[in-house]
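Just below is one structure, and these are the notes that go with it.
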Amino acid sequence: MLLKSLFVVFPNVRLRAHEIGRFRGFLNHQIDWQNPLFHNHTEEPNGVIYRYPRIQYRMHRGRAALFGIQDGFDALSQFLNTHLDNLPEAFWDIERAEQRTRLELTERPLAYTLHHWLGLNTIRNRDGSLLDLESVYDDLTDEAQQRAMLQRILTAQVLKFCGDMGCRLPTGALQVSVEEVQETGLRTIRSQTGQTRLRSFQLQFTTNLPLPDHMALGKGVSKGYGWLVQDKPR
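Here our numbering is used: the first residue of the sequence shown is -7, the next is one more, and so on.
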């Protein structure tokens, strides 16, 4: 399966991390919130669309940026072609990078760095009960056990991404290995139900599946968290 992705940076538009939500609202206002690919909501009350966000909002080296994948690639390209001239002049200069990624297993693992990853959120078990992954993580006293837990979570997120893209991998074929873990502080995630503070990580990991640069995994992917890039060979 071939994925198409587009990463756009506005080099003249300064942006701080806490302004990403405002940036998202500003761009959606330009199209009257008419395209759900840009905001992942329906017109129904609490109408959240539970799918991998096709368009994601970023701060890249202190500048505003956008990432689009698959139909988000097309929607973002069309937005730039039809609405860019209506934006403030600071938005007119853009840097864009298109990428094609074949979502097929490889013989050799590829190395990635995952930035500001929010992997320890609260999840719902099959019986409906809630499980606080951060508490489970803290109860593990051995670093190897903690890394193994993060590895299982990351593997599940990659598989979920593949499923949302329409790609089914053979059972047990995906390999993910977390090599290094660094905690990078607490991040505040805002939602319709309030605010949540989650622990942020930077991970170095390898996998036998090519992933597009600048895509994101974990919680808050549409708002600047959990983005990755492939490590360059030394």
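Beta carbons are placed, not taken as given, at the ideal position from N, Cα and C, and that holds for glycine. Remember, predicted model here, so these are calculated numbers, not experimental data.
With a 10 Å radius around its C-beta and 16 neighbouring C-beta atoms as the bar for buried, classify residue i as buried or exposed.
i, result
"GLN62", "buried"
"LYS152", "exposed"
"HIS52", "buried"
"ALA57", "buried"
"SER214", "buried"
"ARG16", "buried"
"HIS108", "buried"
"GLY218", "buried"
What residues are listed by DSSP as bridge partners for residue i?
i, result
"TYR49", "LEU58"
Using CA coordinates, which residue listed in the options is at the minimum distance from residue i?
i, options, result
"ARG46", "LEU68, LEU123, ASN4, SER121", "LEU68"
"ARG100", "GLN167, GLU171, GLY111", "GLN167"
"PRO204", "HIS31, VAL1, GLU11, LEU102", "LEU102"
"LEU195", "ILE12, PHE30, ASP223, ASP85", "ASP223"
"GLY13", "ILE181, MET207, TRP219", "ILE181"
"ASP66", "VAL173, ALA9, LYS(-4), GLY158", "LYS(-4)"
"GLU96", "LEU220, MET(-7), THR176", "MET(-7)"
"CYS159", "THR93, LEU123, HIS21", "THR93"
"ASN20", "ALA140, THR176, GLN48, VAL221", "GLN48"
"ASN4", "ASN78, LEU122, TYR104, ALA82", "ALA82"
"GLN137", "THR105, HIS108, VAL173", "VAL173"
"ARG179", "LEU112, GLY155, ARG43", "LEU112"
"PHE193", "HIS75, ASN117, LEU110, THR74", "LEU110"
"THR198", "GLU11, THR98, ASN78", "THR98"
Verify the contact flag: residue i, CB atom, against every heavy atom of the ligand NAD, threshold strictly below 7 Å.
i, result
"GLY218", "Among the components modelled here there is no ligand, and therefore nothing to report on the ligand NAD."
In chain order, each alpha helix (DSSP H) run of at least 4 residues that lies wholly inside the stretch 127 to 175: 135 to 156
Inter-stretch contact at 8 Å, needing at least 3 Cβ pairs: the stretch 110 to 129 / the stretch 159 to 171: no
Touching by the beta-carbon criterion (3+ pairs, under 8 Å), the stretch 23 to 32 and the stretch 168 to 178: no
Inside the stretch 63 to 110 only - beta strand (DSSP E) runs reaching at least 3 residues: 87 to 94, 102 to 109
contact_flag[the stretch 75 to 89, the stretch 137 to 150] where n(CB pairs < 8 Å) is 3 or more: no
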